[in-house]
Amino acid sequence: MSDYISGIYQMRSFLSNVLLCGLMVTLVAKSFAADVTIPPTIAKNLQSNLPSLTIDRIIPTQVPGVYEVDSGRKVFYVDSTGNYAFVGNLLDLTTKTNYTEARTEALNRIDFNKLPLNVAMRKTIGNGQNKIAVFTDPDCPFCKRLEGETIPKLKNVTIYYFLYPLPIHPDAVNDSKRILCSENPESAMFAMMVKGSTITKYNSCENAGRLTKMQDAANNLVQVTGTPTIVLPNGKIVSGLIPADYLTKLIDDNSLESAVTKK
Numbered sequence: 053m054s055d056y057i058s059g060i061y062q063m064r065s066f067l068s069n070v071l072l073c074g075l076m077v078t079l080v081a082k083s084f085a086a087d088v089t090i091p092p093t094i095a096k097n098l099q100s101n102l103p104s105l106t107i108d109r110i111i112p113t114q115v116p117g118v119y120e121v122d123s124g125r126k127v128f129y130v131d132s133t134g135n136y137a138f139v140g141n142l143l144d145l146t147t148k149t150n151y152t153e154a155r156t157e158a159l160n161r162i163d164f165n166k167l168p169l170n171v172a173m174r175k176t177i178g179n180g181q182n183k184i185a186v187f188t189d190p191d192c193p194f195c196k197r198l199e200g201e202t203i204p205k206l207k208n209v210t211i212y213y214f215l216y217p218l219p220i221h222p223d224a225v226n227d228s229k230r231i232l233c234s235e236n237p238e239s240a241m242f243a244m245m246v247k248g249s250t251i252t253k254y255n256s257c258e259n260a261g262r263l264t265k266m267q268d269a270a271n272n273l274v275q276v277t278g279t280p281t282i283v284l285p286n287g288k289i290v291s292g293l294i295p296a297d298y299l300t301k302l303i304d305d306n307s308l309e310s311a312v313t314k315k
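Sequential numbering of the sequence shown, starting at 53, is according to my numbering.
What follows is the structure, encoded as structure tokens:
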């Protein structure tokens with residue numbers, strides 16, 4: 053019963069988030085089921101029941117009568133009527149394949165080269181041969197831990213920082229501008245987030261305009277929902293505080309993937 057209740061709350065939470073968006077429907081079929089027709093009642097009833105839901109795709113799953121709905125970077129499932137929906141993982145017990153996990157990972161990728169790296173702050177560790185982008189809030193506790201605990205343990209990486217002040221931190225916008233208007237923004241960010249330093253002298257500067265471009269990238273390209281958010285060169289998006297060994301593995305795996313792709 054507790055799992056059932058938990059599932060209800062998960063669905064409520066998910067739908068409450070996507071209801072903030074407008075409706076856009078594109079119906080496509082997966083290659084493995086190209087001959088499957090998507091029942092038009094699915095989109096119709098979803099639109100009727102959830103008029104503000106953003107639907108990017110409706111595609112058939114490996115389970116007859118069950119369809120996947122992609123909304124932004126979220127995935128949920130419906131029946132052929134579109135009146136019944138459920139969230140959770142779609143598992144193939146014979147092959148031990150988690151289709152939901154694979155699909156979600158595919159959706160959580162962007163084109164790294166489209167990031168406006170020219171407006172980001174940059175830190176080079178070692179030879180800097182690998183690269184990642186970090187969306188951070190100077191007043192975010194987990195961002196501070198990432199900067200103080202995880203980042204110092206990385207090797208040979210170039211980090212592009214995008215400041216993304218969250219509304220729940222009332223001073224974050226001004227703190228971000230203070231950082232950008234400092235003589236050395238990268239050092240100022242480290243001092244503020246890790247050492248707890250305060251920038252007392254602050255005059256608005258032209259450099260503060262970079263914050264708007266950073267926020268645009270976070271909102272429109274990466275669709276950041278929380279900080280810290282990390283983007284790998286292969287476009288994979290990872291959110292939350294990550295231990296150094298795990299982030300190192302992600303970076304190494306990305307390098308291997310890139311090497312294979314180039315061959």
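All C-beta atoms in this analysis are idealised placements derived from N, C-alpha and C, irrespective of residue type, glycine included.
Notebook entry, point to check: On the three-state DSSP scale, how would you describe Asp223?
Noted result: Mapped onto the sequence shown, residue 223 falls at position 171. DSSP places Asp223 in coil when its eight states are reduced to three.
- prompt: How many Å lie between Leu273 and Asn101 at the Cα?
  reply: Here the question's residue 273 lines up with position 221 in the sequence shown. Here the question's residue 101 lines up with position 49 in the sequence shown. If I take the Cα positions, the gap works out to 29 Å.
Which residues in the same chain as Ser132 place their Cβ atom closer than 6 Å to its Cβ, once the five residues preceding and following it in sequence are excluded?
Along the sequence shown, one-based indexing puts residue 132 at 80. Closer than 6 Å at Cβ, skipping near neighbours: Pro91, Gly117.
CB of Lys166 within 8 Å of CB of Gly134, strictly:
The sequence position of residue 166 within the sequence shown is 114, counting from 1. The sequence position of residue 134 within the sequence shown is 82, counting from 1. No. Outside cutoff.
Expected contact under 8 Å - CB spacing of Val290 and Leu302 to nearest Å: As a position in the sequence shown, residue 290 is number 238, starting the count at 1. As a position in the sequence shown, residue 302 is number 250, starting the count at 1. That belief holds up - the Cβ atoms of Val290 and Leu302 are roughly 7 Å apart, short of 8 Å.
- prompt: Going by DSSP, what residues sit across from Ser123 in a beta bridge?
  reply: The residue given as residue 123 occupies position 71 in the sequence shown. Answer by DSSP bridge pairing, in chain order: Lys126.
Q) Just checking my contact of Cys233 with Ala260 at CB under 8 Å: how many whole Å lie between their CB atoms? A) Here residue 233 corresponds to residue number 181 of the sequence shown, with the count starting at 1. Here residue 260 corresponds to residue number 208 of the sequence shown, with the count starting at 1. The Cβ separation is near 6 Å, so the contact holds.
- Query: Which residues in the same chain as Lys175 place their Cβ atom closer than 6 Å to its Cβ, once the five residues preceding and following it in sequence are excluded?
  - Reply: On the sequence shown, position 123 is the one that residue 175 refers to. Here the set comprises Ile211, Glu238.
- Where Leu215 falls: helix, strand or coil (DSSP): Counting from 1 along the sequence shown, the entry for residue 215 is found at position 163. Residue state, collapsed to three classes: strand.
For Val77, three-class secondary structure by DSSP: Along the sequence shown, read from residue 1 onward, the residue named residue 77 stands at position 25. Because the pLDDT of Val77 is 34, which lies under 50, any placement of that residue in the model is unreliable, and the question is left without a value.
> How would you write the range of the alpha helix (DSSP H) that Ser239 sits in, first residue to last?
Replying inline: Along the sequence shown, read from residue 1 onward, the residue named residue 239 stands at position 187. Taken as a continuous stretch (DSSP letters only), the alpha helix (DSSP H) holding Ser239 covers 237-245.
Span of the beta strand (DSSP E) around Thr176: Position 124 of the sequence shown, counted from the start, is the residue given in the question as residue 176. From DSSP, the beta strand (DSSP E) with Thr176 extends over 173-177.
#### Entry: Bounding residues of the alpha helix (DSSP H) (the contiguous stretch that carries Arg197)
As a working note, residue 197 is residue 145 in the sequence shown. It spans 193-197 - the alpha helix (DSSP H) in which Arg197 sits, taken as one unbroken run.
Point to revise | Inter-stretch contact at 8 Å, needing at least 3 Cβ pairs: the stretch 179-194 / the stretch 142-156 | key: Not touching, per the Cβ criterion.
(message) As a quick exercise: from Ile251, Asp223, Ile111, Arg155, pick the residue whose alpha carbon is nearest that of Val317.
(response) One cannot answer for residue 317 here, as it falls past the ends of the chain, which runs 53 to 315.
Examine the Cβ distances between the stretch 193-207 and the stretch 221-233 and report whether three or more of them are shorter than 8 Å. no
message: Buried or exposed, going by whether 16 or more other CB atoms sit within 10 Å of the CB of Phe138?
response: Translated into the one-based positions of the sequence shown, residue 138 becomes position 86. Per the 10 Å Cβ criterion, exposed.
| query | Taking the Cβ atom as the reference point for each residue, do Leu145 and Thr188 lie within a distance shorter than 8 Å? | reply | Position 93 of the sequence shown, counted from the first residue, corresponds to residue 145. Position 136 of the sequence shown, counted from the first residue, corresponds to residue 188. Cβ atoms of Leu145 and Thr188: not closer than 8 Å.
When Glu120, Leu159, Thr147 are compared against Gly140, the one with the closest alpha-carbon: One-based indexing of the sequence shown puts residue 140 at position 88. For the residues Glu120, Leu159, Thr147, the minimum Cα distance to Gly140 belongs to Glu120.
message = On the criterion of 16 or more Cβ atoms from any shown chain inside 10 Å, does Asp297 qualify as buried, or is it exposed?
response = By 1-based counting over the sequence shown, the position of residue 297 is 245. Exposed, since its Cβ has fewer than 16 Cβ neighbours within 10 Å.
query = So is Thr147 buried or exposed if we call it buried at 16+ other beta carbons inside 10 Å?
reply = The residue labelled residue 147 in the question sits at position 95 within the sequence shown. So Thr147 counts as exposed.
Once the 5 residues before and after Asn306 are set aside, which same chain residues still bring their CB inside 8 Å of it? Here residue 306 corresponds to residue number 254 of the sequence shown, with the count starting at 1. If we look at Asn306 and ignore the five residues flanking it on each side, its Cβ neighbours are Asn182, Leu284, Pro285, Asn286, Lys288.
Please name the residue in Gly124, Asp191, Leu98 whose C-alpha comes closest to that of Leu159.
By 1-based counting over the sequence shown, the position of residue 159 is 107. Of Gly124, Asp191, Leu98, the residue nearest in Cα terms is Gly124.
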